[in-house]
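Residues in the sequence shown are numbered consecutively from 3, following this note's numbering.
To start, the structure under review is shown below, and the notes come after it.
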Amino acid sequence: MLIINTDALNQVKQKILSPESRQESIQTVKRMLEIKQTLLWRAEAGNCCSQGGFNLAVMLSREVDLLEDILKALENNDEAQALSRLDDYILRLEKDYGSCYTNYCQS
Numbered sequence: 003m004l005i006i007n008t009d010a011l012n013q014v015k016q017k018i019l020s021p022e023s024r025q026e027s028i029q030t031v032k033r034m035l036e037i038k039q040t041l042l043w044r045a046e047a048g049n050c051c052s053q054g055g056f057n058l059a060v061m062l063s064r065e066v067d068l069l070e071d072i073l074k075a076l077e078n079n080d081e082a083q084a085l086s087r088l089d090d091y092i093l094r095l096e097k098d099y100g101s102c103y104t105n106y107c108q109s
């Protein structure tokens, strides 16, 4: 089971910094991307997630974009860009979900 939270994202950072676990970081980001793409598909399929100014599909779309950027940077061996975009992703989660993103997504 992968839980996307602060701890998981910090673990990805550590994996990126370690050449021995860089491939593992790519696999973790791919899994996160798969989870978020599935959630986005579900949010776009229904109209239940856009009440009261809260639009889950828009938020998930931004997450997918960031995760795709992280993955692309990792696959291009651009450690600095991957870490920068990962920090952007953490900030995005904090902005969109507040402190509740710590336990936001489980799969």
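Idealized CB from N, CA, C, for every residue including glycine.
* the region 75-94 contacting the region 37-49, beta-carbon criterion three pairs below 8 Å -> Result no; under three Cβ-Cβ pairs closer than 8 Å.
* Asked: From which residue to which residue does the alpha helix (DSSP H) around N12 run?
  -> Translated into positions along the sequence shown, residue 12 becomes position 10. Note, N12: alpha helix (DSSP H), 8-19.
* Can you tell me whether A82 is buried or exposed, with buried defined as 16 or more other CB within 10 angstroms of its CB? -> On the sequence shown, residue 82 is found 80 positions in, with the first residue counted as 1. A82 comes out exposed.
* Cβ neighbour criterion (16 or more within 10 Å) applied to E65 -> On the sequence shown, position 63 is the one that residue 65 refers to. It is buried - the Cβ of E65 has at least 16 other Cβ atoms within 10 Å.
* To do: In angstroms with no decimal places, state the Cα-to-Cα distance between A10 and G48.
  => In the sequence shown, residue 10 corresponds to position 8, counting from 1. In the sequence shown, residue 48 corresponds to position 46, counting from 1. Between A10 and G48, the C-alpha separation is close to 29 Å.
* To do: Tell me, please, which residues DSSP counts as bridged to I72.
  => Here the question's residue 72 lines up with position 70 in the sequence shown. BP columns for I72 are empty, so no partner.
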